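K.L.:
Sharing a structure here in structure tokens format.
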């Protein structure tokens with residue numbers, strides 16, 4: 512299961528977005544193309560997704576979880592944890608998918624994919640932007656670890672039971688929020704949906720998205736139909 516999320520597909524691919532062109536010229540004027548360090552199925556898909564939605568040309572450096580490419584001295588200098596994503600914007604090198612999304616929006620967003628600052632919509636946007644990592648993914652991670660990844664003798668069934676309750680509470684919250692709505696904030700996609708969409712997809716792929724959460728399932732189906740989503744999760 513975890514290997515299926517971590518398939519590598521080569522190094523040094525050039526990515527020219529097909530989902531928009533507004534920001535491509537701006538990158539060309541700067542004579543530098545930002546680089547995304549990526550692994551298939553990982554949180555770096557969030558970054559690739561937003562780059563595609565915004566139409567930003569970028570360099571794609573694809574790494575793999577199983578071949579040591581994330582543990583080289585060169586890569587550890589970029590990300591000491593040896594994880595993805597990492598992002599290089601003309602020598603500004605940093606990591607964490609949410610931080611990268613915010614940076615991209617501030618530099619190239621031009622008001623797209625995020626509400627205006629200091630508005631009620633912005634407050635809701637920030638809530639959901641951080642929700643997927645702070646609330647949804649921790650119990651999902653515990654379930655995956657203790658049901659699949661750890662050696663059988665180290666798995667703790669009680670952890671799975673407790674995490675399942677927390678995960679269901681989180682999904683119920685999301686399902687209620689999506690009642691009568693297509694997106695989390697306003698009437699169009701935002702970066703909050705990109706953050707949450709990745710987490711929902713991971714839950715579905717690991718068999719942890721209960722079919723009873725119909726609004727969440729329909730929401731994920733809508734996101735999955737977007738061309739930028741399909742490119743981001745291609746392998």
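Numbering (the numbering used here), first residue to last: 512 to 746. Backbone N, C-alpha and C fix where the C-beta goes; we use that ideal spot for every residue, glycine too. Keep in mind it's a predicted model, so treat the numbers as computed, not measured.
1. Kindly list the residues whose CB is nearer than 6 Å to the CB of residue 555, restricted to its own chain and excluding five residues on each side of it in sequence; keep chain order.
2. Pick from 704, 603, 744, 572: whose alpha carbon is nearest that of residue 618?
3. Compare the C-alpha of residue 720 against each of 562, 600, 696, 685 and name the closest.
4. Going by other Cβ atoms of all chains shown within 10 Å of its Cβ, with 16 needed for buried, is residue 576 buried or exposed?
5. With DSSP as the reference, label residue 670 as helix, strand or coil.
6. Using DSSP's beta-bridge definition, name the partner residues of residue 603.
7. Suppose contacts are defined by Cβ-Cβ distances below 7 Å. Is residue 670 in contact with residue 653 by that definition?
8. Of all the options 622, 723, 703, which has the alpha carbon lying nearest to the alpha carbon of residue 682?
9. Just to confirm, are residue 560 and residue 714 a CB contact at a threshold of 7 Å?
10. Out of curiosity, what's the CA-to-CA distance linking residue 745 and residue 664?
11. In chain order, which alpha helix (DSSP H) runs of at least 4 residues are fully inside the segment 630-665?
12. In the structure shown, what three-state DSSP assignment does residue 547 receive?
13. Use the C-beta contact count for residue 581: other C-beta atoms within 10 angstroms, 16 or more gives buried, fewer gives exposed.
14. Under a three-way DSSP split, which group does residue 694 fall into?
15. Please look up how many angstroms separate the CB atoms of residue 696 and residue 607, rounded, as I've assumed it's under 8 Å.
16. Please state whether the Cβ-Cβ distance between residue 678 and residue 650 is less than 7 Å.
17. Tell me where the alpha helix (DSSP H) around residue 612 begins and ends.
P.N.:
The short version:
1. Looking up residue 555 in the chain shown gives position 44. Excluding residues within five positions, the ones whose Cβ falls inside 6 Å are 549, 595, 596.
2. Looking up residue 618 in the chain shown gives position 107. The option with the nearest alpha carbon to residue 618 is 603.
3. One-based indexing of the chain shown puts residue 720 at position 209. Taking only the C-alpha atoms, the option nearest residue 720 is 685.
4. Taking the chain shown and counting its residues from 1, the one referred to as residue 576 is at position 65. That one is buried.
5. Residue numbering aside, residue 670 sits at position 159 when the chain shown is read from its first letter. Residue state, collapsed to three classes: helix.
6. On the chain shown, position 92 is the one that residue 603 refers to. BP columns for residue 603 point to 600.
7. Numbered from 1 along the chain shown, position 159 holds the residue referred to as residue 670. Numbered from 1 along the chain shown, position 142 holds the residue referred to as residue 653. Contact: yes.
8. For the purposes of this step, residue 682 is taken as the residue at position 171 of the chain shown. Measuring from the Cα of residue 682, the nearest candidate turns out to be 723.
9. The residue labelled residue 560 in the question sits at position 49 within the chain shown. The residue labelled residue 714 in the question sits at position 203 within the chain shown. No.
10. As a working note, residue 745 is residue 234 in the chain shown. As a working note, residue 664 is residue 153 in the chain shown. C-alpha separation (whole angstroms): 35 Å.
11. 631-642, 648-655
12. The residue you call residue 547 lines up with position 36 of the chain shown. Strand at residue 547.
13. To locate residue 581, count along the chain shown from 1; it is residue 70. Looking at its Cβ environment, which holds 16 or more other Cβ atoms inside 10 Å, residue 581 is buried.
14. As a working mapping, residue 694 is identified with position 183 in the chain shown. The answer is coil: DSSP assigns residue 694 none of H, G, I, E or B.
15. One-based indexing of the chain shown puts residue 696 at position 185. One-based indexing of the chain shown puts residue 607 at position 96. 21 Å between Cβ atoms; not a contact.
16. In the chain shown, counting from the first residue as 1, residue 678 sits at position 167. In the chain shown, counting from the first residue as 1, residue 650 sits at position 139. In this structure, residue 650 lies closer than 7 Å to residue 678 by Cβ.
17. For the purposes of this step, residue 612 is identified with residue 101 of the chain shown, where counting begins at 1. Here the alpha helix (DSSP H) through residue 612 covers 608-619.
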